[in-house]
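Engineer: The structure is given below, and queries will be raised subsequently.
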Amino acid sequence: MPEKLPIKALETALDDIVSIKLKDQRVFRGRLTSCDMYMNLTLSSAEELEEDRVRAKYGSVLIRGNNILWIQIPD
Amino acid sequence: MPEKLPIKALETALDDIVSIKLKDQRVFRGRLTSCDMYMNLTLSSAEELEEDRVRAKYGSVLIRGNNILWIQIPD
Amino acid sequence: MPEKLPIKALETALDDIVSIKLKDQRVFRGRLTSCDMYMNLTLSSAEELEEDRVRAKYGSVLIRGNNILWIQIPD
Amino acid sequence: MPEKLPIKALETALDDIVSIKLKDQRVFRGRLTSCDMYMNLTLSSAEELEEDRVRAKYGSVLIRGNNILWIQIPD
Amino acid sequence: MPEKLPIKALETALDDIVSIKLKDQRVFRGRLTSCDMYMNLTLSSAEELEEDRVRAKYGSVLIRGNNILWIQIPD
Amino acid sequence: MPEKLPIKALETALDDIVSIKLKDQRVFRGRLTSCDMYMNLTLSSAEELEEDRVRAKYGSVLIRGNNILWIQIPD
Amino acid sequence: MPEKLPIKALETALDDIVSIKLKDQRVFRGRLTSCDMYMNLTLSSAEELEEDRVRAKYGSVLIRGNNILWIQIPD
């Protein structure tokens with residue numbers, strides 16, 4: 284296995300804004316405040332988007348890793 | 284892994300009101316009375332919401348962690 | 284982890300009437316006669332409900348934990 | 284955990300007629316001839332039911348535990 | 284656990300004709316040429332059936348155990 | 284367990300043309316160039332088929348084992 | 284097991300352009316910048332395609348391995 288692992292890219296994104304696509308096709312956007320090796324993670328100032336429209340604002344959310352399709356992280 | 288883990292955010296929310304989105308798109312809201320590392324948890328004064336409308340009141344419920352999409356926790 | 288775990292709430296409900304929502308949206312109601320750490324459980328005098336209407340009566344049933352969404356337990 | 288476990292209720296039902304609901308909503312009814320801790324099990328004289336109507340007769344079947352929703356067992 | 288396990292019933296069916304229902308509702312019928320404890324198995328002279336009609340003939344197939352609903356085995 | 288295991292049948296098919304049905308009902312056909320015990324595998328000259336029609340050509344693909352329904356292997 | 288494993292083919296594709304089909308039928312295309320043994324991986328310059336049309340551009344994304352159907356890798 285290469286030294287640079289995908290999960291490290293998530294850790295590097297701590298305190299940055301990320302977007303997360305869930306299996307139910309909803310997208311969450313917010314500041315990444317914690318994460319673990321299962322991709323469980325918490326966001327602050329979290330918004331739920333549907334087709335790029337803000338559908339709801341939630342403050343802080345804990346998202347369960349096993350239902351995540353992908354996470355957009357800063358370059 | 285960073286020291287502050289997502290599951291700790293759930294423990295910090297004990298005795299607070301949380302909202303929980305399940306895979307079947309229903310939302311539960313209630314007071315968090317216990318949780319474990321799989322995100323299994325119990326709520327008291329639990330309400331089931333659908334599109335922000337209260338659909339049912341259940342008293343105490345035990346929610347199975349593996350069917351949770353996300354949990355809204357206090358800031 | 285806090286000392287009081289969600290699965291303990293299920294054990295405390297032994298011999299009580301509980302309602303169980305399954306992934307296929309059906310609800311079972313009956314007396315909880317046994318449970319294990321995977322939330323596998325048995326009910327006696329079990330009824331299957333659909334939209335609060337009794338749809339079938341089954342006597343004793345064994346419900347597989349991994350298909351449970353939530354369990355309503357006595358306060 | 285209590286001494287009496289759900290899986291023991293299944294073992295007690297060996298040689299009895301049981302009904303089994305699968306995730307695809309079909310029900311199998313037959314004589315329970317073996318079972319294991321994953322709820323894998325075999326039935327003899329197995330019938331497949333749909334809405335209480337016998338849809339097919341299969342003789343002996345091996346049912347995979349992870350696709351079982353519930354099992355009706357004798358009281 | 285009882286001595287006679289469900290997976291043994293599958294081994295006993297080696298070299299016999301079995302029918303296998305998959306999660307996508309298709310049925311495979313063929314001669315069982317190997318199996319393992321996860322219910323992975325191989326068939327020779329395999330046919331795919333849909334509503335009892337032969338839909339395709341495949342020769343030898345390897346079927347992944349975790350997508351099997353049930354297996355009809357000889358009495 | 285019998286000595287001849289299903290996964291061995293896959294290894295025996297290395298360098299042969301195989302067809303693979305995925306959970307999303309698409310079929311891949313190509314030359315099997317590697318496989319592991321989870322049925323993860325690689326194909327060269329891979330084609331994606333839909334209802335026996337070639338839908339796309341991909342060159343080399345890595346297919347994740349847990350989404351495979353079945354694999355047609357040479358007799 | 285043969286010496287050449289499928290996951291090695293993914294490592295060999297590091298720094299190359301790959302296309303990834305997810306369970307929700309979307310395809311991601313981008314430069315593979317990291318991967319692990321669960322097929323978790325990161326892409327840079329990632330585009331999301333639908334029916335070969337670019338639907339969105341994301342910069343860097345982390346894709347969760349368990350929702351991947353297949354990965355097109357360079358020959």
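Chains as they are written, first to last, in our numbering: chain A, 284 to 358; chain B, 284 to 358; chain C, 284 to 358; chain D, 284 to 358; chain E, 284 to 358; chain F, 284 to 358; chain G, 284 to 358.
Beta carbons are placed, not taken as given, at the ideal position from N, Cα and C, and that holds for glycine.
Predicted, not measured: the structure shown is a model, and the values here were computed from it.
1) Using a Cβ-Cβ distance cut-off of 9 Å, determine whether arginine 336 of chain C contacts chain J.
2) Name the one or two DSSP bridge partners that glycine 313 of chain C has.
3) What is the rounded straight-line gap between the Cα of leucine 288 of chain E and the Cα of aspartate 298 of chain E?
4) In this structure, does DSSP put lysine 291 of chain F in helix, strand or coil?
5) When the distance is taken between beta carbons, is arginine 312 of chain G closer than 9 Å to glutamate 330 of chain G?
6) Strictly below 9 Å CB to CB, what residues from chain A border glycine 342 of chain G?
7) Between the Cα of tryptophan 353 of chain G and those of F:Tyr341, F:Asp358, F:Gln355, F:Pro357, spot the shortest distance and give me the residue it belongs to.
8) Give me the chain A residues within the contact set of isoleucine 300 of chain B, using Cβ-Cβ distance strictly less than 9 Å, ordered along the chain.
9) Would you call the CB atoms of asparagine 349 of chain C and asparagine 323 of chain D closer than 9 Å?
10) Which residues of chain A have a Cβ atom closer than 7 Å to the Cβ of leucine 305 of chain G, listed in chain order?
11) If you reduce the DSSP assignment to three classes, tell me which class asparagine 349 of chain F lands in.
12) Any beta-carbon of chain E closer than 9 Å to the one on isoleucine 346 of chain F?
13) Along the chain, where does the beta strand (DSSP E) containing glutamate 334 of chain E start, and where does it finish?
14) Quick one: grab the DSSP three-state call for tyrosine 341 of chain A.
15) Between leucine 324 of chain G and chain A, is any beta-carbon pair separated by less than 9 Å?
16) Would you tell me roughly how many angstroms separate the C-alpha atoms of threonine 325 of chain A and aspartate 307 of chain B, rounded to the nearest one?
17) If you measure from the beta carbon of leucine 297 of chain F to each beta carbon in chain E, is any gap under 9 Å?
18) If you drop the 5 nearest sequence neighbours on each side, which residues of the same chain put their C-beta closer than 6 Å to that of leucine 293 of chain G?
19) Measuring alpha carbon to alpha carbon, tell me which residue in G:Val344, G:Lys291, G:Ile303 is nearest threonine 316 of chain F.
20) To the nearest angstrom, how far is the alpha carbon of aspartate 335 of chain B from that of aspartate 335 of chain G?
21) Apart from the five residues on each side of it in sequence, which residues of its chain come closer than 8 Å, Cβ to Cβ, to valine 344 of chain G?
22) Going by beta carbon distance, what residues of the same chain come within less than 7 Å of glutamate 333 of chain F, once the five residues before and after it are set aside?
23) Taking only beta-carbon positions, decide if leucine 293 of chain G is within less than 9 Å of chain F.
24) Around the C-beta of valine 301 of chain B, are 16 or more other C-beta atoms found within 10 angstroms, so that it is buried, or is it exposed?
25) 9 Å is my cut-off, CB to CB: does leucine 315 of chain F come that close to chain E?
26) For a contact meaning CB atoms closer than 7 Å, what does leucine 288 of chain B contact in chain A?
27) Alpha carbon to alpha carbon, what distance is there between alanine 339 of chain B and alanine 339 of chain E?
Structural biologist: In brief:
1) Structure shown: chain J not included; protein chains present are A, B, C, D, E, F and G.
2) In the third sequence, the residue the question calls residue 313 of chain C occupies position 30. For glycine 313 of chain C, which the question treats as bridged, DSSP gives the partners C:Val301.
3) Taking the fifth sequence and counting its residues from 1, one reaches residue 288 of chain E at position 5. Taking the fifth sequence and counting its residues from 1, one reaches residue 298 of chain E at position 15. Cα to Cα, leucine 288 of chain E sits roughly 19 Å from aspartate 298 of chain E.
4) Residue mapping note: residue 291 of chain F aligns to position 8 of the sixth sequence, counting from 1. Looking at lysine 291 of chain F - three-state DSSP - the assignment turns out to be helix.
5) Counted from its first residue, the seventh sequence places residue 330 of chain G at position 47. Counted from its first residue, the seventh sequence places residue 312 of chain G at position 29. Their beta carbons are under 9 Å apart, which means glutamate 330 of chain G touches arginine 312 of chain G by this criterion.
6) Counting from one through the seventh sequence, the residue named residue 342 of chain G turns up at place 59. The contacting residues are Gln355, Ile356, Pro357, Asp358.
7) Taking the seventh sequence and counting its residues from 1, the one referred to as residue 353 of chain G is at position 70. Comparing Cα-Cα distances from tryptophan 353 of chain G to each of F:Tyr341, F:Asp358, F:Gln355, F:Pro357, the minimum goes to F:Tyr341.
8) By 1-based counting over the second sequence, the position of residue 300 of chain B is 17. Going along chain A, no residue has its Cβ under 9 Å from isoleucine 300 of chain B, so there is no contact; the nearest lies around 12 Å.
9) If you number the third sequence from 1, residue 349 of chain C lands on position 66. If you number the fourth sequence from 1, residue 323 of chain D lands on position 40. Cβ atoms of asparagine 349 of chain C and asparagine 323 of chain D: not closer than 9 Å.
10) One-based indexing of the seventh sequence puts residue 305 of chain G at position 22. Those are Leu352, listed as they occur along chain A.
11) Looking up residue 349 of chain F in the sixth sequence gives position 66. Three-state DSSP puts asparagine 349 of chain F in a helix.
12) For the purposes of this step, residue 346 of chain F is identified with residue 63 of the sixth sequence, where counting begins at 1. Judged by the 9 Å Cβ criterion, isoleucine 346 of chain F is not in contact with chain E.
13) The residue labelled residue 334 of chain E in the question sits at position 51 within the fifth sequence. Here glutamate 334 of chain E belongs to no beta strand (DSSP E), and DSSP marks it neither H nor E.
14) Taking the first sequence and counting its residues from 1, the one referred to as residue 341 of chain A is at position 58. In the structure shown, tyrosine 341 of chain A sits in a strand (DSSP, three-state: E or B).
15) Counting from 1 along the seventh sequence, the entry for residue 324 of chain G is found at position 41. Interface residue, yes.
16) Here residue 325 of chain A refers to the residue found at position 42 of the first sequence. Here residue 307 of chain B refers to the residue found at position 24 of the second sequence. When rounded, the distance between both Cα atoms is 21 Å.
17) As a working mapping, residue 297 of chain F is identified with position 14 in the sixth sequence. So no, leucine 297 of chain F is outside the interface.
18) Along the seventh sequence, read from residue 1 onward, the residue named residue 293 of chain G stands at position 10. Contacts found: Cys318.
19) Working through the sixth sequence from its first residue, we reach residue 316 of chain F at position 33. The residue with the shortest Cα to Cα distance from threonine 316 of chain F is G:Lys291.
20) On the second sequence, position 52 is the one that residue 335 of chain B refers to. On the seventh sequence, position 52 is the one that residue 335 of chain G refers to. Going from the Cα of aspartate 335 of chain B to the Cα of aspartate 335 of chain G covers about 37 Å.
21) By one-based count along the seventh sequence, residue 344 of chain G stands at place 61. Excluding sequence neighbours, valine 344 of chain G sits near Phe311, Gly313, Thr325, Leu326, Ala329.
22) Here residue 333 of chain F refers to the residue found at position 50 when the sixth sequence is read from its first residue. Excluding positions up to five away in sequence, the list reads Arg309.
23) Mapped onto the seventh sequence, residue 293 of chain G falls at position 10. It does: the Cβ of leucine 293 of chain G has a partner Cβ on chain F nearer than 9 Å.
24) One-based indexing of the second sequence puts residue 301 of chain B at position 18. Valine 301 of chain B comes out buried.
25) If you number the sixth sequence from 1, residue 315 of chain F lands on position 32. No, no contact with chain E.
26) Within the second sequence, numbered from 1, the residue matching residue 288 of chain B stands at position 5. Within 7 Å Cβ-Cβ: Ser317, Asp319.
27) The residue given as residue 339 of chain E occupies position 56 in the fifth sequence. The residue given as residue 339 of chain B occupies position 56 in the second sequence. Answer to the nearest angstrom: the Cα atoms are 49 Å apart.
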